[in-house]
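Numbering (mature numbering (1 follows the signal peptide of the UniProt record, and there is no 0)), first residue to last: -18 to -1, 1 to 378.
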């Protein structure tokens, strides 16, 4: 009996008016309505969380009348004209479950409270977020699923305000169908889904909407917003422009690929080496192919016929352009480390062969000349020359 009296006394001191339960869904939003009396219009309102009202922690409280107050995921609006304030909790998680209190601050009397038990569920029936893209002037149909225990609840559809403070009422269905202006609702309770149709779409219809349900009596009501709908309204001209841009981009990429392929093929085909072939007095070989490699053996002088030939290596860098003017190259011959031999070589192109030139080698002490055909390549050419032991200087 004593415990019961204490409980009654505490209830009187705290002014506990009523209590009700609220069910929200993970990732969604709940809008809780807290009523108060006409005499409490001028009092400050607050919303706190805790097992007991006298020790609860404030989550948010009012400031100016008829204006939104925000604190993290919590928002509060005091509507003194209709004697209630509403609290919004966004992005619900399991950690939000617990006991809350709608409080009215009374400086000269015990505060009055309404107890709210919040339960946060995870239901596979409903998507947390969907995106819809529709055309200007057309029609959008949005499907909203809901849990089985909300079959008899009022179906609710609202649009999130630009400042994200509240969700503006668009339409609600108290029966299986409803219509309000360009908005209409059809509830299919067999599949636990209702559809919202928006006709004559304008650019202003772009935004974030919520599918939800309204539960409870007016004095114990709340709205559970379950699925977020991101609606985008675009014009057909935008679609055409995007399509044309994609086609142009694909053409440009294709042209770049073809150009690179041809460029790489051309670069590989012009890479060649210098070919020099011996001849006995005249050029009888005709035009030779580009990029050939051949060993040149220079005939030894008559005065040193018994000397063994020494192989000498030389690199000639030839110009890449095929002009009619003569081209020149210097070649250094080294017989051995102790006695280098050198010769300056001048290469003149033949007029009949685009990439070839005839080379004449005059030997010191003799009137005979050697000839060779030289192929001009795009890249540096390489040749191997067998040079006699005796030093010589050749002029080509």
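Virtual Cβ for every residue (Gly too), placed ideally from N, Cα, C. Note that the coordinates shown come from a computational prediction; the quantities given were computed from them, not determined experimentally.
Sub-8 Å separation of residue i and residue j beta-carbons
i	j	result
residue 138	residue 195	yes
residue 18	residue 59	no
residue 205	residue 42	no
residue 121	residue 180	yes
residue 130	residue 68	no
residue 126	residue 193	yes
residue 102	residue 78	yes
residue 9	residue 74	yes
residue 155	residue 136	yes
residue 142	residue 189	yes
residue 22	residue 30	no
residue 62	residue 48	yes
residue 203	residue 15	yes
Simplified DSSP state of residue i, which is helix, strand or coil
i	result
residue 101	strand
residue 381	Residue 381 cannot be examined here, being either before or after the span of the chain that is shown, -18 to 378.
residue 248	helix
residue 232	helix
residue 214	strand
residue 109	coil
residue 207	strand
residue 150	strand
residue 51	strand
residue 240	helix
residue 383	Residue 383 cannot be examined here, being either before or after the span of the chain that is shown, -18 to 378.
residue 78	helix
residue 169	strand
residue 143	coil
residue 2	strand
residue 131	helix
residue 39	strand
residue 121	coil
residue 57	strand
residue 185	helix
Through-space distance from residue j to residue i, alpha-carbon basis
i	j	result
residue 88	residue 44	14 Å
residue 176	residue 114	16 Å
residue 211	residue 28	30 Å
residue 83	residue 36	10 Å
residue 238	residue 232	10 Å
residue 95	residue 186	41 Å
residue 24	residue 93	13 Å
residue 228	residue 217	17 Å
residue 6	residue 124	21 Å
residue 105	residue 128	9 Å
residue 90	residue 26	13 Å
residue 317	residue 240	Residue confidence for residue 317 is low, a pLDDT of 47 falling below 50, so the modelled location carries little weight; the figure read from the coordinates is stated next. Whole-angstrom Cα-Cα distance: 50 Å.
residue 54	residue 11	13 Å
residue 85	residue 71	16 Å
residue 57	residue 236	54 Å
residue 172	residue 20	43 Å
residue 46	residue 64	16 Å
residue 132	residue 198	11 Å
residue 32	residue 50	23 Å
residue 157	residue 1	27 Å
residue 248	residue 191	59 Å
Sequence-distant residues of the same chain with beta carbon closer than 6 Å to residue i, five excluded per side
i	result
residue 111	210
residue 76	102
residue 152	139, 140, 141, 165
residue 108	127, 208, 209
residue 3	99
residue 159	168
residue 178	124, 139, 167
residue 230	none
Residues near residue i by beta carbon distance below 7 Å, same chain, minus five either side
i	result
residue 182	119, 164
residue 170	176
residue 234	none
Cut-off 8 Å between Cβ atoms - residues of its own chain near residue i, not counting five sequence neighbours on either side
i	result
residue 116	122, 183, 213, 214, 215, 216
Any non-hydrogen atom of the ligand MN closer than 7 Å to residue i Cβ
i	result
residue 42	The ligand MN is not among the ligands present in this structure, which contains no ligands whatsoever.
Legend entry - Stretch-stretch touch, CB-based, cutoff 8 Å, three pairs: the segment 140 to 148 with the segment 240 to 248: no
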